[in-house]
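Working notes, beginning with the structure itself.
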Amino acid sequence: MDDETENLVVLVLLGIFSVTGSIGNALVIYIYSRKRDITTSSLFILTLAGTDLFTCLIIIPYNIVVLYLNYTLYYELPCKLYMFLITCNVPFSAFVMVAIAFDRYFCICHPFLHAITIPRAKIIVMIMGVFACILGIMTSLTHGIFSIIDPPSLNITINDVINSTMSSYISQKNVNDTILGNSSVTPSLSTVTIGINETVSSEPDVPEGYGPGMCAPSTEIFNNTVTYIYQKIYAGFYLISFLIVLILYGLIYRSIHIRRALKAKRKRSSLFPASPNEYSAVDTQMTVLNNGHEIAGKDADGQKKFRKKSLGLKEKVFYANIRTAAMLFIVTIVFLIAFLPSWLMAHDLVPFSKILFYMYFIYNVANPIIYAFMNTSFRDDLQAVFKRICNSK
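Once you know that position 244 of the sequence shown is 249 in my numbering, the rest is easy, because the numbers rise by one and skip nothing.
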């Protein structure tokens, strides 16, 4: 497949992702924002949906324009804004995945601790958003508009020539690597011949299809060493987030497994009836607890029903949390699978493919589909919305 065909396929895919993702995430926000009992999981789902909607409405169309222009933006502001948007959006989604994993861990493994409440969850989202914006600002400051300065006809040193131009040329893969933290800034100038009162005769070794006005890595603000260290730290956040999520969901699975084993053990023990002596001992204890008076049959039955109802409600809440955790775990898995090819390409572990690289945007489209398949309540609310739309016509 030639470059033009590949670019066309990418642009069409991104356009489809933008339209379908905008509709799906708008529906998620509409449904979850109308719920009366907002929980921490609902808040994080709304946060994800808001991030995905912003990505589909703003970032993907912006990306389509930049790809169509082949990164030739000519002005610093659109270049830095582009780098800011694509590099603060992705880590923010990763941080939200970590927050969701912690929330599900505390809900299932430590339900009485109430570690993450609604106010705390809002503060957590704000802190993650600010931190992601800081990462985006740092990345934007390491990029700028590439320009070629025509060398004058006078005696001039090599350093003067290098300082008068930006220190690197941009390629498609350079910007893509920056998104996932594997960008490098390397000077790429051809040999310069200098002599007294001679003209500097040097042509920058510009790859075909690249030239002035392109959004490229720059050392005007940060030098190569600072940029390199920052990119490694930026890339490390993905690995750390993945490990934290993996450990937390492993602990959740362990807790569920232990609880089911205990429940099965209690069920097996209930199959063996107690002996008459045990019954009489229980009756004696109940009589003592009630000041020597036996409980009437109806009161005893009422207490048994109340206990069963309480246990049933507790089990219902527990399994509801498990279902929510399972749904959000699938969301996390889709996130990891969507970004894995791009991450591998950015670190030169697999050959680069533009189509596969930009498939990571499918994650922003997939979440509403996951909710529809795995959340009965969301599916019912979605059907109700479509019925109201059809009836209004």
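By construction, the Cβ of each residue, glycine as well, lies at the ideal position given by its N, Cα and C atoms.
This one's a predicted model, so the numbers in the text were calculated from it and none came from an experiment.
Query raised in the report: What does a CB cutoff of less than 7 Å around isoleucine 257 pick up in its chain, not counting 5 residues either side in sequence?
Result: Counting from one through the sequence shown, the residue named residue 257 turns up at place 252. Contacts found: Arg109, Tyr110, Ile113, Cys114 and Ala330.
Report task. Assuming alanine 104 and isoleucine 129 form a contact by the criterion Cβ under 8 Å, report the distance between their Cβ atoms to the nearest whole angstrom. Result -> Within the sequence shown, the letter at position 99 stands for residue 104. Within the sequence shown, the letter at position 124 stands for residue 129. Yes, alanine 104 and isoleucine 129 are in contact; Cβ-Cβ is about 5 Å, under 8 Å.
Query - Cα-Cα separation, cysteine 84 to serine 27 - result: Within the sequence shown, residue 84 is the residue found at index 79, counting from 1. Within the sequence shown, residue 27 is the residue found at index 22, counting from 1. Looking at the two C-alpha atoms, the distance is approximately 24 Å.
Query raised in the report: Buried or exposed: which applies to threonine 162, given that a residue is buried once 16 or more other Cβ atoms fall within 10 Å of its Cβ?
Result: Here residue 162 refers to the residue found at position 157 when the sequence shown is read from its first residue. With a pLDDT of only 48 at threonine 162, under 50, the local geometry of the prediction cannot be trusted, and the value read off the model is given with reservation. Threonine 162 should be labelled exposed.
Query - DSSP three-state assignment for histidine 119, whether helix, strand or coil - result: As a working note, residue 119 is residue 114 in the sequence shown. Histidine 119: coil per DSSP, three-state reduction.
Query raised in the report: If we count the other Cβ atoms within 10 Å of its Cβ and call it buried at 16 or more, is tyrosine 396 buried or exposed?
Result: Reading the sequence shown from its first residue, position 391 is the one you call residue 396. Sequence inspection shows asparagine at residue 396; the tyrosine mentioned does not correspond to that position. Residue burial annotation: asparagine 396 is exposed, with fewer than 16 other C-beta atoms found within 10 angstroms of its C-beta.
Report task. Sort Val17, Asp42, Phe100 and Ile50 by Cα distance to leucine 32 and report the nearest one. Result -> Numbered from its first residue, the sequence shown carries residue 32 at position 27. For leucine 32, the closest of Val17, Asp42, Phe100 and Ile50 by C-alpha to C-alpha distance is Ile50.
Report task. Return the residue from the list Met133, Ala137 and Phe22 that minimises the CA-CA distance to threonine 60. Result -> One-based indexing of the sequence shown puts residue 60 at position 55. Of the candidates Met133, Ala137 and Phe22, the one whose C-alpha sits nearest the C-alpha of threonine 60 is Phe22.
Requested in this report: Drop a sphere of 10 angstroms on the beta-carbon of leucine 90, count the other beta-carbons inside from all chains shown, and report buried for 16 or more, exposed for fewer.
Outcome: Translated into the one-based positions of the sequence shown, residue 90 becomes position 85. By the neighbour-count criterion, in which 16 or more other beta carbons inside 10 Å mark a residue as buried, leucine 90 falls on the buried side.
Query - Rounded C-alpha distance that separates proline 66 from valine 17 - result: The sequence position of residue 66 within the sequence shown is 61, counting from 1. The sequence position of residue 17 within the sequence shown is 12, counting from 1. Distance between the alpha carbons of proline 66 and valine 17: 11 Å.
Query - Classification of tyrosine 76 by the beta-carbon crowding that lies within 10 angstroms, buried from 16 upward - result: Here residue 76 refers to the residue found at position 71 when the sequence shown is read from its first residue. Buried.
Query raised in the report: So, are the CB atoms of alanine 240 and histidine 148 less than 8 Å apart?
Result: Indexing the sequence shown from 1 puts residue 240 at position 235. Indexing the sequence shown from 1 puts residue 148 at position 143. No, Cβ-Cβ distance for alanine 240 and histidine 148 is not below 8 Å.
Query raised in the report: If valine 336 and isoleucine 367 are in contact, beta carbons under 8 Å, what's the gap, nearest whole angstrom?
Result: Walking along the sequence shown from the start, residue 336 turns up at place 331. Walking along the sequence shown from the start, residue 367 turns up at place 362. Contact flag wrong, Cβ pair sits at about 13 Å.
Query raised in the report: Any idea if serine 347 is buried or exposed, counting beta-carbon neighbours within 10 angstroms, 16 or more meaning buried?
Result: Mapped onto the sequence shown, residue 347 falls at position 342. In summary, serine 347 is buried, with 16 or more beta-carbon neighbours lying within 10 Å of its beta-carbon over all protein chains present.
Query - N-terminal and C-terminal residue of the alpha helix (DSSP H) that cysteine 399 is part of - result: Outside the shown range of the chain, which is 6 to 398, sits residue 399, and nothing can be said about it.
Requested in this report: Would you identify the three-state DSSP class for glycine 134, choosing helix, strand or coil?
Outcome: Within the sequence shown, residue 134 is the residue found at index 129, counting from 1. The answer is helix: DSSP assigns glycine 134 an H, G or I state.
Requested in this report: State buried or exposed for threonine 10, treating a residue as buried only when at least 16 other CB atoms are found within 10 Å of its CB.
Outcome: Counting from one through the sequence shown, the residue named residue 10 turns up at place 5. The residue is exposed, with fewer than 16 neighbouring Cβ atoms inside 10 Å.
Query raised in the report: By DSSP, does glycine 218 sit in helix, in strand, or in coil?
Result: The residue labelled residue 218 in the question sits at position 213 within the sequence shown. When secondary structure is reduced to three states using DSSP, glycine 218 falls in the coil class, being assigned neither helix nor strand.
**Report entry** Other residues of its chain near alanine 137: CB distance less than 8 Å, five sequence neighbours each side excluded
**Finding:** Numbered from 1 along the sequence shown, position 132 holds the residue referred to as residue 137. Cβ within range, chain order: Cys93, Asn94, Pro96, Phe97 and Phe100.
**Report entry** leucine 53 beta carbon less than 8 Å from that of alanine 126
**Finding:** What you label residue 126 is simply residue 121 of the sequence shown in a count that begins at 1. What you label residue 53 is simply residue 48 of the sequence shown in a count that begins at 1. Taking 8 Å as the Cβ cut-off, alanine 126 and leucine 53 do not qualify as a contacting pair.
Query raised in the report: Buried or exposed: where does isoleucine 252 fall if 16 or more other Cβ atoms within 10 Å of its Cβ makes it buried?
Result: Residue mapping note: residue 252 aligns to position 247 of the sequence shown, counting from 1. Classification of isoleucine 252: exposed, given that the 10 Å Cβ count is below 16.
Query raised in the report: valine 77 bridges to which residues according to DSSP?
Result: Numbered from 1 along the sequence shown, position 72 holds the residue referred to as residue 77. The question names valine, but residue 77 is threonine in the sequence shown. Looking at the DSSP assignment, threonine 77 forms a beta bridge with Met219.
Query - Residue burial classification, arginine 273 (beta-carbon count within 10 angstroms, cutoff 16) - result: The sequence position of residue 273 within the sequence shown is 268, counting from 1. Exposed, because fewer than 16 other Cβ atoms sit within 10 Å of the Cβ of arginine 273.
Query - When Pro373, Ala325 and Ile245 are compared against isoleucine 34, the one with the closest alpha-carbon - result: Within the sequence shown, numbered from 1, the residue matching residue 34 stands at position 29. The residue with the shortest Cα to Cα distance from isoleucine 34 is Pro373.
Query raised in the report: Cα separation between lysine 237 and isoleucine 121?
Result: Residue 237 sits at position 232 when you count from the first residue of the sequence shown. Residue 121 sits at position 116 when you count from the first residue of the sequence shown. Their Cα atoms are separated by approximately 31 Å.
Query - Endpoints, alpha helix (DSSP H) assigned at isoleucine 375 - result: For the purposes of this step, residue 375 is taken as the residue at position 370 of the sequence shown. Following the DSSP letters along the chain, one finds isoleucine 375 inside the alpha helix (DSSP H) bounded by residues 368-379.
Requested in this report: Give the DSSP-derived three-state secondary structure of isoleucine 249 in the structure shown.
Outcome: Taking the first residue of the sequence shown as 1, we reach residue 249 at position 244. DSSP places isoleucine 249 within a helical segment (H, G or I) once states are collapsed to three.
Report task. Would you mind reading off the limits of the beta strand (DSSP E) that contains isoleucine 36? Result -> By 1-based counting over the sequence shown, the position of residue 36 is 31. No beta strand (DSSP E) contains isoleucine 36, which is instead part of the alpha helix (DSSP H) from 8-38.
Query raised in the report: Got a sec, what are the start and stop residues for the alpha helix (DSSP H) isoleucine 150 sits in?
Result: Position 145 of the sequence shown, counted from the start, is the residue given in the question as residue 150. In the DSSP annotation of this structure, isoleucine 150 is not part of any alpha helix (DSSP H); the continuous beta strand (DSSP E) holding it starts and ends at 148-150.
Requested in this report: Identify the continuous alpha helix (DSSP H) that holds leucine 354 and give its terminal residues.
Outcome: Walking along the sequence shown from the start, residue 354 turns up at place 349. Premise fails: leucine 354 is in no alpha helix (DSSP H) and is neither H nor E.
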